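Report on the following structure.
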Amino acid sequence: MSKFSEHNFKGEKALIRVDFNVPIKNGQITDDTRIRAAVPTIKKVLSDGGSVILISHWGRPLKDIAKKPELTLADFSLKPVIAHLSNILGLTVQFSDDCISDDAAQKAKSLQPGQVLLLENLRYYKEEEKGDAAFAEKLSKLGDVYVNDAFGTAHRAHASTAIIAQFFAADKKMFGLLMESEVAAAEKVMHKNEKPFVAIIGGAKVSDKILIIENLLERATDIIIGGGMAYTFFKAQGGLTGNSLCEDDRLDTARELLKKADEKGVCIHLPADSIIADKFAPDANTSSALSTEIPIGWMGLDIAHMACDTFSKVIKEAKTILWNGPMGVFEMEKFQHGTKCIAEAVAAATAQGAYSLVGGGDSVAAVNKFGFADKVSYVSTGGGALLEYFEGKELPGIAAIKS
Numbered sequence: 065m066s067k068f069s070e071h072n073f074k075g076e077k078a079l080i081r082v083d084f085n086v087p088i089k090n091g092q093i094t095d096d097t098r099i100r101a102a103v104p105t106i107k108k109v110l111s112d113g114g115s116v117i118l119i120s121h122w123g124r125p126l127k128d129i130a131k132k133p134e135l136t137l138a139d140f141s142l143k144p145v146i147a148h149l150s151n152i153l154g155l156t157v158q159f160s161d162d163c164i165s166d167d168a169a170q171k172a173k174s175l176q177p178g179q180v181l182l183l184e185n186l187r188y189y190k191e192e193e194k195g196d197a198a199f200a201e202k203l204s205k206l207g208d209v210y211v212n213d214a215f216g217t218a219h220r221a222h223a224s225t226a227i228i229a230q231f232f233a234a235d236k237k238m239f240g241l242l243m244e245s246e247v248a249a250a251e252k253v254m255h256k257n258e259k260p261f262v263a264i265i266g267g268a269k270v271s272d273k274i275l276i277i278e279n280l281l282e283r284a285t286d287i288i289i290g291g292g293m294a295y296t297f298f299k300a301q302g303g304l305t306g307n308s309l310c311e312d313d314r315l316d317t318a319r320e321l322l323k324k325a326d327e328k329g330v331c332i333h334l335p336a337d338s339i340i341a342d343k344f345a346p347d348a349n350t351s352s353a354l355s356t357e358i359p360i361g362w363m364g365l366d367i368a369h370m371a372c373d374t375f376s377k378v379i380k381e382a383k384t385i386l387w388n389g390p391m392g393v394f395e396m397e398k399f400q401h402g403t404k405c406i407a408e409a410v411a412a413a414t415a416q417g418a419y420s421l422v423g424g425g426d427s428v429a430a431v432n433k434f435g436f437a438d439k440v441s442y443v444s445t446g447g448g449a450l451l452e453y454f455e456g457k458e459l460p461g462i463a464a465i466k467s
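When you read off a place in the sequence shown, starting at 1, and then add 64, the result is the number in our numbering.
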């Protein structure tokens with residue numbers, strides 16, 4: 065049993081840090097995945113006879129207002145969440161238009177068992193992102209127990225994620241159910257994996273994934289590399305990549321990573337062929353070519369058939385799978401086949417008993433788009449946090465609870 069599940073919240077006010085940084089358009093929430101992910105934690109507290117005070121950030125109000133003076137704090141309000149969350153929970157969620165004001169303190173104090181209070185955007189205050197201890201202490205006084213259920217912000221040393229925990233006793237600070245499951249999934253892949261362990265790394269730039277690849281070289285048996293970053297590796301080996309995305313200042317880095325993989329006996333798989341286009345657009349003319357023989361004026365925007373076949377075979381033999389990053393520009397229909405092919409292979413391997421973790425915004429968007437989210441072992445909600453975890457970094461939001 066987990067610490068959270070064992071705890072009885074009867075008569076207690078649980079201050080829960082959630083990640084309600086959801087997309088909102090014209091006052092309407094367009095994707096409530098993060099809100100729904102927090103519901104089991106909220107319901108557990110309520111069913112015990114406790115009450116819930118929710119704190120979250122939304123956007124970057126102070127930074128964005130500084131760039132665009134026509135914006136106001138009201139443009140970054142969490143108010144659109146009230147009705148949506150009330151509907152999901154089947155109760156009326158209360159709201160305070162501040163997070164540390166007298167109004168917030170009074171509403172928190174008056175909260176009765178079974179009630180939920182949502183506080184306004186934490187980032188209205190610069191102290192939140194600065195990790196200010198005095199600000200964190202004011203927040204801490206609102207609840208009896210601190211619960212961090214915001215894995216997506218666990219890599220930030222902010223007041224509400226990393227600093228606030230010090231104001232609670234060891235038995236009064238804990239992960240929520242979402243955070244527990246995220247941490248357990250990440251630790252299973254990195255520290256308790258079964259071999260073969262296949263890591264699928266995609267995306268645009270090698271520079272974004274250097275640390276994660278280096279860390280995976282210590283753990284994975286196979287690393288599949290796709291997306292725009294693959295062409296930096298091809299060019300580093302003397303390949304002709306046409307107008308494909310390439311980081312010329314990272315060619316030495318790519319060669320070094322290939323050398324390290326060879327020394328450690330880790331097999332790096334690069335896409336043998338590519339779907340190429342004469343421009344970066346949905347209506348581009350397309351063809352296919354070996355990834356080392358892309359003509360000038362053409363660019364690789366997806367992996368092609370040989371790569372799909374090879375990658376699928378490697379994935380289907382895996383016992384542990386990590387997928388971070390798409391194989392191409394899957395948002396455009398002409399260049400989505402490679403990413404869909406990988407999703408199908410991961411789902412097939414999972415059905416055969418492999419443990420699969422999908423993380424990173426684009427990868428998650430892909431499995432959702434192609435209908436495979438329920439066919440993999442775990443889909444992470446934490447893009448940047450998961451990436452930093454797999455880079456081997458200690459996440460402040462996790463360390464604060466464990467300390």
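Where a beta carbon is used, it is the ideal one built from N, C-alpha and C, also for glycine. The structure displayed is predicted, hence computed values, not measured ones.
Residue i (DSSP reduced to helix, strand or coil)
i, result
"Q92", "strand"
"F261", "strand"
"H219", "coil"
"N432", "helix"
"R81", "strand"
"V410", "helix"
"S110", "It is Leu, not Ser, that sits at residue 110 in the sequence shown. Looking at L110 - three-state DSSP - the assignment turns out to be helix."
"Q400", "coil"
"S160", "strand"
"T97", "helix"
"T305", "strand"
"Y189", "coil"
"V103", "helix"
"I465", "helix"
"V393", "coil"
"I358", "strand"
"L421", "strand"
"C331", "strand"
"V443", "strand"
"F297", "helix"
"G448", "helix"
Bounding residues of the beta strand (DSSP E) (the contiguous stretch that carries residue i)
i, result
"A353", "350-354"
"M363", "363-367"
"M238", "237-239"
"A341", "337-341"
"V209", "209-212"
"L118", "115-119"
"D286", "286-289"
"I385", "384-388"
"L183", "180-183"
Through-space distance from residue j to residue i, alpha-carbon basis
i, j, result
"M238", "F159", "24 Å"
"E395", "I340", "15 Å"
"T403", "I88", "27 Å"
"A318", "T296", "7 Å"
"I129", "Y188", "11 Å"
"V393", "L365", "6 Å"
"E278", "S66", "32 Å"
"A233", "G461", "16 Å"
"K143", "G435", "31 Å"
"T285", "I332", "9 Å"
"I360", "S308", "9 Å"
"G113", "L149", "19 Å"
"S245", "N388", "18 Å"
"D342", "K398", "13 Å"
"L135", "P335", "45 Å"
Contact under 8 Å by Cβ, residue i with residue j
i, j, result
"I385", "S427", "no"
"F84", "V109", "no"
"G291", "P390", "yes"
"H121", "E191", "no"
"I265", "I276", "yes"
"L155", "K171", "no"
"G207", "I117", "yes"
"I406", "F375", "yes"
"A168", "A200", "no"
"C209", "K173", "Here the sequence assigns Val to residue 209, which means Cys is not the residue at that position. For V209 and K173, no; Cβs fall outside 8 Å."
"I367", "T305", "no"
"R81", "A248", "no"
"L450", "G417", "no"
"K324", "L280", "no"
Cβ-Cβ separation, residue j to residue i (assumed contact under 8 Å), whole Å
i, j, result
"S352", "F298", "That belief does not hold up - the Cβ atoms of S352 and F298 are roughly 15 Å apart, past 8 Å."
"I379", "A415", "Not quite, the Cβ-Cβ distance comes to about 12 Å (not below 8 Å), so this is no contact."
"T445", "R98", "6 Å"
"F261", "A382", "7 Å"
"N212", "P125", "N212 to P125, Cβ: 22 Å. No contact."
"A250", "I227", "The Cβ separation is near 23 Å, so there is no contact."
"S271", "G178", "Not quite, the Cβ-Cβ distance comes to about 50 Å (not below 8 Å), so this is no contact."
Within-8 Å CB hit, residue i to chain C
i, result
"S150", "Protein chain content of the structure displayed is limited to a single chain, and chain C is not contained in it."
Boundaries of the alpha helix (DSSP H) in which residue i is found, first to last residue
i, result
"F68", "67-70"
"I274", "270-280"
"D316", "315-328"
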